[in-house]
Amino acid sequence: MLDIKRIRKNPQELIDAMAKRRGKGVDVSAFLEIEERRRKLMAEVEEKKATRNSVSADIAIKAKAKEDTEALKAAMRSLGEEIKALETELNALQAEVDAFLYRIPNIPHESVPEGSSDEDNVELRRGGTPRAFAFTPKPHWELGEALDILDFARAGKITGSRFCVLKGAGAKLNRAIISYFLDVHAGRDYHEIAPPYMVNRASMTGTGQLPKFAEDSFAVSGTDYFLIPTAEVPITNLHRDEILQAAELPIRYCGYSANFRSEAGSAGRDTRGLIRMHQFDKVELVQYTKPEDSYAALEQLTRDAEQVLQGLCLPYRVVTLSTGDLGFSAAKTYDLEVWMPSYGRYVEISSCSNFEDFQARRAQIRFRRTPGAKPELVHTLNGSGVAVGRTLAAIIENYQNADGSITVPEVLKPYMNMERIQ
RNA sequence: GGAGCGAUGGCUGAGUUGGUCUAAGGCGCACGAUUGGAAAUCGUGUUCAGGCUAAUACCCUGACGAGAGUUCGAAUCUCUCUCGCUCCGCCA
19 MLDIKRIRKN PQELIDAMAK RRGKGVDVSA FLEIEERRRK LMAEVEEKKA
69 TRNSVSADIA IKAKAKEDTE ALKAAMRSLG EEIKALETEL NALQAEVDAF
119 LYRIPNIPHE SVPEGSSDED NVELRRGGTP RAFAFTPKPH WELGEALDIL
169 DFARAGKITG SRFCVLKGAG AKLNRAIISY FLDVHAGRDY HEIAPPYMVN
219 RASMTGTGQL PKFAEDSFAV SGTDYFLIPT AEVPITNLHR DEILQAAELP
269 IRYCGYSANF RSEAGSAGRD TRGLIRMHQF DKVELVQYTK PEDSYAALEQ
319 LTRDAEQVLQ GLCLPYRVVT LSTGDLGFSA AKTYDLEVWM PSYGRYVEIS
369 SCSNFEDFQA RRAQIRFRRT PGAKPELVHT LNGSGVAVGR TLAAIIENYQ
419 NADGSITVPE VLKPYMNMER IQ
């Protein structure tokens, strides 16, 4: 959510930002008109309330002095009805203003390249080199099924499409990846969190999944809970409605969770393999920082995420998302993309974003610069560190051998107690 | 699922025969005094949001878990909901 005062003061900034995002235009002038009416009406209501408050105080004094207060009470009765009617109108306007504010995306940072889509993302750097295979590499779903470590058919039977059953060494490899990621990050000053996999509506609103993207999440029937689409939601909401102390910042968390996404609108895309699942594992990194530190933190967070790919010796690259590809809540995002032989290209495996105060304003996460100072909004950041399912796929493909076996990456051997999966 | 109790500021904790209550006291914190310096002590101050505004000044409005109601007036009375605790039941 953006600062309404900032929009009032500089509507052009918002108009320009929306143009850069190439999204459907938000009608800024219509918004400003409603907001103007809201403020006028609010002033009117407050004035009437001030009258009622002072007269009510008079009534108390007169009643004590045994004077007649019936006339005043009658006058206040009708004033009360007036106030009630105006407040109903005011609430409606407030709801309109809120609905608008909750659906405006964040303003991209000035360093974000302008563009219309992911084709305009800018490559920043690469790590490792795609392996030159002496044989024709197979996709991970073929290798996985042949080794009987991935079972899509039975997942389809017991649940449905876009689910997968991991078996034997596949399940173990998945577990090894999670443990390795957590050990790396928790060993570098990220406090480990094991969050709930369901959250309430306020949490989903706090990080920006609601109200605009309700169809992307799974709601739990009979409750007001949602399955988390990412651990970002519970971990960023950990400090919702809190005022932190400056000395506590930056706060750095890492956490593993399963993630659930409806993948509405992606029918037909990535239908084979582990790339696009309704349920997938991920280790997430989250930071809360002072505003002036957030862009340095974004660089660091991205490096921290990259480290596990380097550890696994997986070829990857880092791209800066263009304004057209930037997510709703983010001001700036770096994607980490891993080399996927079956796709013949780099595939997103992590998304590292600075949300500035966009989520903090929604979730009311603040801090005091010095004891007694006025609370200010923190900046929030997060990044995958990294997606586990896609890592599993990348390992299977990049570490495959001519005979269809998979060599276990060096750093995972201590977790696996095996050299290869065959 | 059943019964009972509770939710107040950064924290703790009064206030529930409705009326100068944003709300005592304490802790914490800030500033000052004291001190060679510190501790201790003393004094003063210290909620947040919105509106107005050049203003983080003044003034006005709102907020005592959330929402609705009664009333001239609600932390206080009524209803609904959420969360927490205790006991019972069930259960990995």
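Numbering of the first sequence is given in our numbering, commencing with residue 19 and proceeding in unit increments. Quick reminder that beta carbons are idealized off the backbone N, C-alpha and C, glycines included.
Bridge partners of residue i, per DSSP?
{"i": "E132", "result": "Bridge partners of E132: none, in fact."}
{"i": "H158", "result": "In DSSP, H158 forms no bridge with anything."}
{"i": "Q112", "result": "None, per the DSSP bridge assignment."}
{"i": "T254", "result": "Bridge partners of T254: none, in fact."}
{"i": "L354", "result": "V336 and S368"}
{"i": "H397", "result": "T307"}
{"i": "Q263", "result": "R386"}
{"i": "I424", "result": "Q418 and I439"}
{"i": "R363", "result": "M358"}
{"i": "L184", "result": "L168"}
For residue i and residue j, which I take to be in contact (beta-carbon distance under 8 Å), what is that distance rounded to the nearest angstrom?
{"i": "M216", "j": "F244", "result": "7 Å"}
{"i": "A264", "j": "R386", "result": "6 Å"}
{"i": "T398", "j": "I383", "result": "7 Å"}
{"i": "I367", "j": "V404", "result": "5 Å"}
{"i": "L354", "j": "E324", "result": "6 Å"}
{"i": "Q227", "j": "S239", "result": "The pair is not a contact, with the Cβ atoms about 18 Å apart (cut-off 8 Å)."}
{"i": "V63", "j": "E105", "result": "6 Å"}
{"i": "H158", "j": "G291", "result": "6 Å"}
{"i": "A315", "j": "P252", "result": "With a Cβ gap of about 20 Å, A315 and P252 do not count as contacting."}
{"i": "A164", "j": "G422", "result": "6 Å"}
{"i": "D169", "j": "K185", "result": "6 Å"}
{"i": "D288", "j": "N139", "result": "With a Cβ gap of about 18 Å, D288 and N139 do not count as contacting."}
{"i": "T409", "j": "I167", "result": "Not confirmed; about 14 Å, so no contact."}
{"i": "D76", "j": "L59", "result": "Contact doesn't hold; Cβ gap of about 26 Å is too wide."}
Is it right to say residue i is buried, meaning 16 or more other beta carbons lie within 10 angstroms of its own, or is it exposed?
{"i": "R446", "result": "This structure cannot settle anything about residue 446, because the visible part of the chain is limited to 19 through 440."}
{"i": "K190", "result": "buried"}
{"i": "D207", "result": "exposed"}
{"i": "G407", "result": "buried"}
{"i": "D45", "result": "exposed"}
{"i": "A48", "result": "exposed"}
{"i": "V130", "result": "buried"}
{"i": "P432", "result": "exposed"}
{"i": "I122", "result": "buried"}
{"i": "Q377", "result": "buried"}
{"i": "D375", "result": "buried"}
{"i": "S284", "result": "exposed"}
What residue does the beta strand (DSSP E) around residue i start on, and which one ends it?
{"i": "V73", "result": "Run containing V73: none in the beta strand (DSSP E); it sits in the alpha helix (DSSP H), V46 to K82."}
{"i": "F298", "result": "Q297 to T307"}
{"i": "T409", "result": "Run containing T409: none in the beta strand (DSSP E); it sits in the alpha helix (DSSP H), V406 to N416."}
{"i": "G273", "result": "I269 to F278"}
{"i": "I176", "result": "Counting along the chain, I176 falls outside any beta strand (DSSP E), though it belongs to the alpha helix (DSSP H) covering F170 to I176."}
{"i": "G345", "result": "That residue, G345, is in no beta strand (DSSP E); it is neither H nor E in DSSP."}
{"i": "R143", "result": "V140 to G145"}
For the alpha helix (DSSP H) that contains residue i, what are its first and last residues?
{"i": "D34", "result": "P29 to R39"}
{"i": "Q377", "result": "F376 to A381"}
{"i": "H203", "result": "A187 to A204"}
{"i": "P247", "result": "From DSSP, P247 is part of no alpha helix (DSSP H); its letter is neither H nor E."}
If you run the structure through DSSP and keep just helix, strand and coil, what is residue i?
{"i": "D322", "result": "helix"}
{"i": "T388", "result": "coil"}
{"i": "H209", "result": "strand"}
{"i": "S312", "result": "helix"}
{"i": "V429", "result": "helix"}
{"i": "T241", "result": "coil"}
{"i": "K23", "result": "helix"}
{"i": "T338", "result": "strand"}
{"i": "S221", "result": "helix"}
{"i": "Y10", "result": "Given a span of 19 to 440 for the chain in the structure shown, any question on residue 10 remains unanswerable."}
{"i": "I101", "result": "helix"}
{"i": "L119", "result": "helix"}
{"i": "L165", "result": "coil"}
{"i": "S402", "result": "strand"}
{"i": "K91", "result": "helix"}
{"i": "L228", "result": "coil"}
{"i": "E317", "result": "helix"}
{"i": "T106", "result": "helix"}
{"i": "D86", "result": "coil"}
{"i": "D288", "result": "coil"}
{"i": "G329", "result": "helix"}
{"i": "E281", "result": "coil"}
{"i": "S96", "result": "helix"}
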